[in-house]
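A short write-up of the structure that comes next.
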Amino acid sequence: MKKTIMRPWRLTTAVLASALIGAAAPAAYGAFGDEAPVQSGRGTPYVETSLMFGTVRPDGGAPVTDEQFHSFVDEVVTPLFPAGLTVQDGYGQYRDDNGVVEKERSFELVLLYPVAEYQDSDPKIEQIRSEYTKRFAQESVLRIDDRSAVDF
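See the structure below:
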């Protein structure tokens, strides 16, 4: 039986690479520190969360209407984020759980809030996603979080 001995520099490289990967994973999620995302010197560090709401119902029911979506925003989103939000009309496509490419009209909801409010805002955003999927029989609501420098 032949024994394989790793050279010291290979072992060191492997250990360092593993440590970096392990350290970077949680840091990527929690990387919304207070430092400015851009070096322009203008703006305050904010988180920009975009939510993409589909309108086609997987069960074959009637698509979510403008009125239904705007009522959802008024009843669910606005009480959680009364400082403001933006809704944009969209059109998109995705592959559903059955492998079918669905094309549909959609809505994009954009929320901006200070980095310091991320921990408080996160469960509210998850509540919005959960309520929409239940209310309109959706498979999911896409969420995108990004850092921004905001200047009002």
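Following numbering that gives the first Met the number 0, the residues of the sequence shown are numbered contiguously, the last one being 151. The C-beta atom is built at its ideal place from N, Cα and C for all residues, glycine as well.
Straight-line CA distance for residue i to residue j?
| i | j | result |
| --- | --- | --- |
| Glu125 | Val75 | 12 Å |
| Gly42 | Asp145 | 15 Å |
| Ser105 | Gly40 | 35 Å |
| Ser49 | Val99 | 24 Å |
| Glu107 | Ser147 | 17 Å |
Taking all protein chains shown into account, do 16 or more other C-beta atoms lie within 10 angstroms of the C-beta of residue i, making it buried, or fewer, making it exposed?
| i | result |
| --- | --- |
| Phe151 | exposed |
| Ser120 | buried |
| Thr64 | exposed |
Cβ of residue i less than 8 Å from any chain B Cβ?
| i | result |
| --- | --- |
| Ser49 | Considering every chain present, this structure includes no chain B. It has just one protein chain. |
Can you give me the start and stop residues for the beta strand (DSSP E) that residue i sits inside?
| i | result |
| --- | --- |
| Pro113 | Val100 to Pro113 |
| Glu47 | Thr43 to Gly53 |
| Asp144 | Leu141 to Val149 |
| Asp88 | Thr85 to Arg94 |
Would you kindly report the start and end of the unbroken alpha helix (DSSP H) that includes residue i?
| i | result |
| --- | --- |
| Gln137 | Careful: Gln137 lies outside any alpha helix (DSSP H) and carries neither H nor E. |
| Asp58 | No alpha helix (DSSP H) holds Asp58; DSSP gives it neither H nor E. |
- [ ] Pair every Cβ in the region 49-69 with every Cβ in the region 132-139, then say whether three or more of these pairs are closer than 8 Å.
- [x] yes
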